[in-house]
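Below you'll find the structure, written out as structure tokens, and then a few comments.
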Amino acid sequence: MSNELLISNTQQGDRIALMQNKRLTEYHFDETEHQFAVGDIYLGTVRKVVAGLNAAFIDIGYEKDAFLHYHDLSPNINSLNQYTKDAVSGKPISPRMKGFENLPQIDKLGKVTDVLTRNQPVLVQVVKEPISSKGPRLSCDISIAGRYVVLVPFANAVNISKKITSKQERNRLHKLLSSVKPDNFGVIVRTVAENKEMEELQRDLETCVEKWENGIKALKKAKPRDRIVTEMDRAESLLRDLLNDDFDSIVVDTKEAFESTKYFLQAIAPEREEILKFHNGKTKLFEQYGVEKQIKSLFGRSVSLPGGGYLIIEHTEALHVVDVNSGNKSTREEDQEATALTVNMEAAKEVARQLRLRDMGGIVVVDFIDMKRAENRKLIHTVLKTEMKTDRSKYTVLPISKFGLSQITRQRVRPEMNISTRESCPTCSGSGKIQASISVTDLVENNLEYILNKQNERGISIIVHPFVYSYYREGIITRQMKWFAQYKTWVKLIKDSSIGITEFHFLNKDGDEIELS
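To convert, note that position 124 of the sequence shown is 124 in this note's numbering; the numbers rise steadily by one, no gaps.
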């Protein structure tokens, strides 16, 4: 299976697409001003302790106080609180916690009122981003994730991923990490660490320790609400978790992103640096790789299946509902059971893809087409579970009931990716009346003449619909060439299928849009 990661920079943030065999499987939008991302560590202040909920509400700077349940407190919360108190008060502390003695662990069935008090400073980590009307969810079980290991301050154990089944390999990893980890730090060994050399593991561990040390240095000068440790951006996080030998390429379209990604690759996998590519073609990155078209077809209420069936995806506050329909084109099988099995097989694969693509979480109910045979229901359940194995979120898939219903629970840590695929006309804004599309070329050329002759702009570009782009590029001597002969400057054309046929935008040499009168 081939994997490609595409990173396109916009003014609002980075658009990130993960492609598997040219099919879009994950789509993320990493906002430039985004805060409270999963993994970020803050210096919070306890605002309220609620004994009835056995939880506390913490101020970390979001409009609503974040939620911290007793079960999300680390067993070593007393040690964390003492260390945080010493750091905030200016007492001399060691970032590597040399000489620090851990305090007794708390009771698993204890009460939050015995641990936290109002206005107390507390070091917390975001485990769930703000969703809908709810604030962030927090944990005091602080951890720093690396590529091969996860560093856990105030612990001492070395735990190995359960997915590493070889007893010999588990013993090797346990022995290696136990010998190099600092005191007062625990380590969780990730699945990708299997069969890795000592040098790679130690380098990754040191990177995590350095990140913790930098955070503690910031903590000494921090004020309440300050972010102490920042989780890496979404693209780097994907690379950290997914980069393997199956990755064919990483394509970015800005030099800044190219340099930062190159630096990150040199740190985590220098042998894979050659797969990084810079896109500077005339066509936009997402247009060239067909991502825009896939986004438009995959994020709507209705999603088509290869055989002619389709899914209807509905969202409520409590759950997501997916209805599987056969359509008119998928009834070629001789009997109804065979038709249902074929459509349900395609639907199971697409449902698993949609969960990752939209990052749908909570409860998901899938209404498959009714199948009379129990073995067919079991087969669809097996296919669904197999397709879900590539999902990095925690999930549970229950067997399909005799009514054709499958229940899936999936961990939700950030808001669902929701893209509106219904477009308003860019000219009429929904009124139903637009300027004649044939006149768009006249408008373009009138504005072009004014910008070049009156404003004396040079090095400009025009973003147009692909149909208009083709019109200007047709023939041996194109209309674009005639512009060059007339104005003595080359005008670059950029096609963009996401805009309407009567819409166009002029950009100056710096890439900023030129306001048209």
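Backbone N, C-alpha and C fix where the C-beta goes; we use that ideal spot for every residue, glycine too.
- Proximity to His28 across Gly361, Val468, Ser8 and Arg47 peaks at Ser8, based on C-alpha coordinates.
- Cβ atoms of Lys262 and Glu273 come within 8 Å of each other, at about 7 Å.
- Proximity to Asp248 across Arg240, Leu276, Ser237 and Gly327 peaks at Leu276, based on C-alpha coordinates.
- In the displayed model, Ile400 falls within coil according to three-state DSSP, outside both helix and strand.
- With fewer than 16 other Cβ atoms inside 10 Å of its own Cβ, Trp490 counts as exposed.
- If you ignore the 5 residues before and after Ile363, its C-beta comes within less than 8 Å of the C-beta of Ala318, Leu319, His320, Gln407, Ile408 and Thr409, all in its own chain and listed in chain order.
- Unbroken alpha helix (DSSP H) stretches of 4 residues or longer found wholly inside the region 163-248: 167-180, 198-221 and 234-242, given in chain order.
- When rounded, the separation of the alpha-carbon atoms in Val112 and Ile41 is 20 Å.
- For the pair Val88 and Pro121, the CB atoms are nearer than the 7 Å cut-off.
- The criterion of a C-beta distance shorter than 7 Å is satisfied by Val322 and Leu311.
- Contact between the region 157-175 and the region 130-143 is not established, with fewer than three Cβ pairs separated by less than 8 Å.
- Under the three-state reduction of DSSP output, Glu63 falls in the coil class, being neither helix nor strand.
- Nearest to Leu176 by C-alpha distance, out of Glu200, Asn184, Pro153 and Ile369, is Glu200.
- Judged by DSSP in its simplified three-state form, Val491 adopts coil rather than helix or strand.
- Rounded to whole angstroms, the separation of the alpha carbons of Gly475 and Gly135 is 58 Å.
- When the five nearest sequence neighbours on each side are left out, the beta carbons in the same chain lying within less than 6 Å of the beta carbon of Gly39 are those of Glu231, in order along the chain.
- With contact defined as three or more Cβ pairs closer than 8 Å, the region 203-214 and the region 92-101 are in contact.
- Taking C-alpha positions only, Asn171 is separated from Asp246 by approximately 28 Å.
- By the Cβ test, the region 191-206 is not in contact with the region 43-62, since fewer than three Cβ pairs between them sit closer than 8 Å.
- For Arg392, same chain residues with a beta-carbon under 7 Å away, outside a window of 5 residues either side, are Asp241 in chain order.
- In this structure Phe278 does not touch Phe299 by the C-beta definition: roughly 28 Å separates them, more than the 8 Å allowed.
- Met345 is positioned such that its CB atom lies no closer than 7 Å to that of Val303.
- Residue ranges of uninterrupted alpha helix (DSSP H) with 4 or more members, entirely inside the region 51-137 and ordered along the chain, are 77-89.
- Straight through space, the alpha carbons of Thr390 and Arg473 are spaced by roughly 44 Å.
- In this structure, Ala56 is the residue among Leu43, Asn78, Ala56 and Asn76 with its C-alpha nearest to the C-alpha of Tyr70.
- Under the DSSP definition of a beta bridge, Gly362 partners with Arg410.
- For Thr25, the uninterrupted beta strand (DSSP E) run begins and ends at Arg23 to Glu31, by DSSP.
- Put simply, the backbone Cα of Asn456 is about 32 Å away from that of Gln288.
- Counting C-beta atoms within 10 angstroms of its own C-beta, Arg147 has 16 or more neighbours from the protein chains shown and is therefore classed as buried.
- Secondary structure note for Val149: its beta strand (DSSP E) is the uninterrupted segment Val149 to Pro153.
- Residue environment for Leu205: buried (at least 16 other C-beta atoms within 10 angstroms of its C-beta).
- Membership of Tyr471 in the alpha helix (DSSP H) is indicated by the continuous run Pro466 to Arg473.
- Under the three-state reduction of DSSP, Ser461 is assigned to strand.
- Taken through DSSP and simplified to helix, strand or coil, Val38 comes out as coil.
- Minimum Cα-Cα distance from Arg301 among the listed residues Gly309, Lys220 and Ile313 corresponds to Ile313.
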